[in-house]
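Visitor:
Rendered as structure tokens:
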């Protein structure tokens, strides 16, 4: 079956611009997660959704970052006024439910480069 | 979140077993030990998890120390496709508290032909 998909695979933008990154989770998965991975580091948690609501957004670095999941399926991560330090691979994952026993399935990521 | 410590890198030869260690001396009683791996240019993928007893699945085995302060991921016969970064992660079983994955830097496994 189809796994988690993310679009675009690569995004190059200029400092100060607005970007949107999209995630399509596995059908039927109620939980959706966003992580960010800088070069040579492990992924860092940003936010997760249970259904349509953000259950934990404590990992968002500042108010330039925002994510939505209006219908409980597709999610969009939005970054305003991008900075060079936002350059990273943004990973999305989904799982059947939340909690420590649910396997998370990851997409291939979107590589964001801010010039 | 409780912290895990792993070697930065390890090397193995193809067809040989690989033992990847992880220390987690501050593990709590409700923490599960999870392993994920990340192949080059891909997102992480689940490998295995356990609580107290040793676990086996088609990908690997997980050996957990009796005091649960350390564990070892065992790949029985390494293949070139197993070259990846392996992450040892503690997850609380709770619905909210256990939802996020807290990654460290992991162990970069190199498999030599």
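Chains as they are written, first to last, in the numbering used here: chain F, 1 to 115; chain P, 1 to 113. Cβ coordinates follow ideal geometry from the N, Cα and C atoms, glycine included.
Measuring alpha carbon to alpha carbon, tell me which of P/90, P/106 and P/62 ends up nearest residue 83 of chain P.
Guide: On the second chain, residue 83 of chain P is found 83 positions in, with the first residue counted as 1. Residue P/106 is the option with its Cα nearest to residue 83 of chain P.
Visitor: Identify the contact partners of residue 32 of chain P in chain F, using a Cβ-Cβ distance below 9 Å as the criterion.
Guide: Indexing the second chain from 1 puts residue 32 of chain P at position 32. Simply 100 and 101.
Visitor: Report back the beta-carbon spacing between residue 43 of chain F and residue 50 of chain F to the nearest angstrom; my notes put them in contact at under 8 Å.
Guide: The sequence position of residue 43 of chain F within the first chain is 43, counting from 1. The sequence position of residue 50 of chain F within the first chain is 50, counting from 1. Not a contact, Cβ separation roughly 19 Å.
Visitor: Where do the N-terminal and C-terminal ends of the beta strand (DSSP E) with residue 92 of chain P fall, by residue?
Guide: Position 92 of the second chain, counting from 1, holds the residue named residue 92 of chain P. Unbroken beta strand (DSSP E) run through residue 92 of chain P: 84-92.
Visitor: In angstroms with no decimal places, state the Cα-to-Cα distance between residue 95 of chain F and residue 102 of chain F.
Guide: In the first chain, counting from the first residue as 1, residue 95 of chain F sits at position 95. In the first chain, counting from the first residue as 1, residue 102 of chain F sits at position 102. Each residue's Cα considered, the two are about 6 Å apart.
Visitor: Going by DSSP, name the residue or residues bridged to residue 52 of chain P.
Guide: By one-based count along the second chain, residue 52 of chain P stands at place 52. Partner(s): none; residue 52 of chain P has no beta bridge.
Visitor: Quick one: grab the DSSP three-state call for residue 116 of chain F.
Guide: Past the edges of chain F, shown from 1 to 115, lies residue 116 of chain F, and the structure says nothing about it.
Visitor: With respect to the beta strand (DSSP E) encompassing residue 9 of chain P, which residues constitute its N-terminal and C-terminal limits?
Guide: Indexing the second chain from 1 puts residue 9 of chain P at position 9. Run containing residue 9 of chain P: 9-13, per the beta strand (DSSP E) assignment.
Visitor: Looking at residue 18 of chain F and residue 93 of chain F, is the spacing between their C-beta atoms short of 8 Å?
Guide: The residue labelled residue 93 of chain F in the question sits at position 93 within the first chain. The residue labelled residue 18 of chain F in the question sits at position 18 within the first chain. The answer is no: Cβ separation not under 8 Å.
Visitor: Excluding five sequence neighbours on each side, which residues of the same chain lie with their C-beta closer than 6 Å to the C-beta of residue 22 of chain F?
Guide: In the first chain, counting from the first residue as 1, residue 22 of chain F sits at position 22. These residues qualify, in order along the chain: 7 and 76.
Visitor: Below 8 Å between beta carbons: does that hold for residue 44 of chain P and residue 36 of chain P?
Guide: As a position in the second chain, residue 44 of chain P is number 44, starting the count at 1. As a position in the second chain, residue 36 of chain P is number 36, starting the count at 1. Closer than 8 Å, so yes.
Visitor: Taking 8 Å as the CB-CB cut-off, is residue 92 of chain P touching chain F?
Guide: For this step, residue 92 of chain P is matched to residue 92 along the second chain. Closer than 8 Å: yes.
Visitor: Against residue 87 of chain P, what residues of chain F qualify as contacts under a CB-to-CB distance less than 9 Å, listed in chain order?
Guide: Working through the second chain from its first residue, we reach residue 87 of chain P at position 87. What residue 87 of chain P touches in chain F: 42 and 43.
Visitor: Should residue 104 of chain F be flagged as near chain P, meaning a C-beta pair shorter than 8 Å?
Guide: Numbered from its first residue, the first chain carries residue 104 of chain F at position 104. Answer yes: the Cβ-Cβ gap between residue 104 of chain F and chain P drops below 8 Å somewhere.
Visitor: Nearest by alpha-carbon distance to residue 67 of chain F: which of F/105, F/47, F/81 and F/16 is it?
Guide: Position 67 of the first chain holds residue 67 of chain F. Checked all of F/105, F/47, F/81 and F/16; the closest Cα to residue 67 of chain F is F/47.
Visitor: So, are the CB atoms of residue 28 of chain F and residue 107 of chain F less than 8 Å apart?
Guide: Taking the first chain and counting its residues from 1, one reaches residue 28 of chain F at position 28. Taking the first chain and counting its residues from 1, one reaches residue 107 of chain F at position 107. For residue 28 of chain F and residue 107 of chain F, no; Cβs fall outside 8 Å.
Visitor: Can you list, in chain order, the residues of its chain with a C-beta nearer than 8 Å to that of residue 50 of chain P? Leave out the 5 residues immediately preceding and following it.
Guide: The residue given as residue 50 of chain P occupies position 50 in the second chain. For residue 50 of chain P, where only same-chain residues beyond five positions count, the Cβ hits under 8 Å are 32, 33, 62, 64 and 71.
Visitor: Within 10 angstroms of the Cβ of residue 100 of chain P, are there 16 or more other Cβ atoms? Answer buried if so, exposed if not.
Guide: Residue 100 of chain P sits at position 100 when you count from the first residue of the second chain. It is buried - the Cβ of residue 100 of chain P has at least 16 other Cβ atoms within 10 Å.
Visitor: So with Cβ pairs under 8 Å, would you call residue 42 of chain P a contact of chain F?
Guide: For the purposes of this step, residue 42 of chain P is identified with residue 42 of the second chain, where counting begins at 1. Output row for residue 42 of chain P: interface = yes.
Visitor: For residue 91 of chain F, which residues in chain P fall below 9 Å Cβ to Cβ?
Guide: As a first step, residue 91 of chain F is located in the first chain; it is residue number 91 there, counting from the start. The answer, in chain order, is 43 and 44.
Visitor: Counting only beta-carbon atoms, is residue 109 of chain F nearer than 8 Å to chain P?
Guide: Counting from 1 along the first chain, the entry for residue 109 of chain F is found at position 109. Chain P contact via Cβ: present.
Visitor: For a quick check, are the C-beta atoms of residue 39 of chain P and residue 73 of chain P less than 8 Å apart?
Guide: Within the second chain, numbered from 1, the residue matching residue 39 of chain P stands at position 39. Within the second chain, numbered from 1, the residue matching residue 73 of chain P stands at position 73. Contact flag unset, no.
Visitor: Since residue 100 of chain P meets chain F, which of its residues come closer than 8 Å, beta carbon to beta carbon?
Guide: Here the question's residue 100 of chain P lines up with position 100 in the second chain. Near residue 100 of chain P (Cβ distances below 8 Å), the residues of chain F are 33, 45, 48, 56 and 59.
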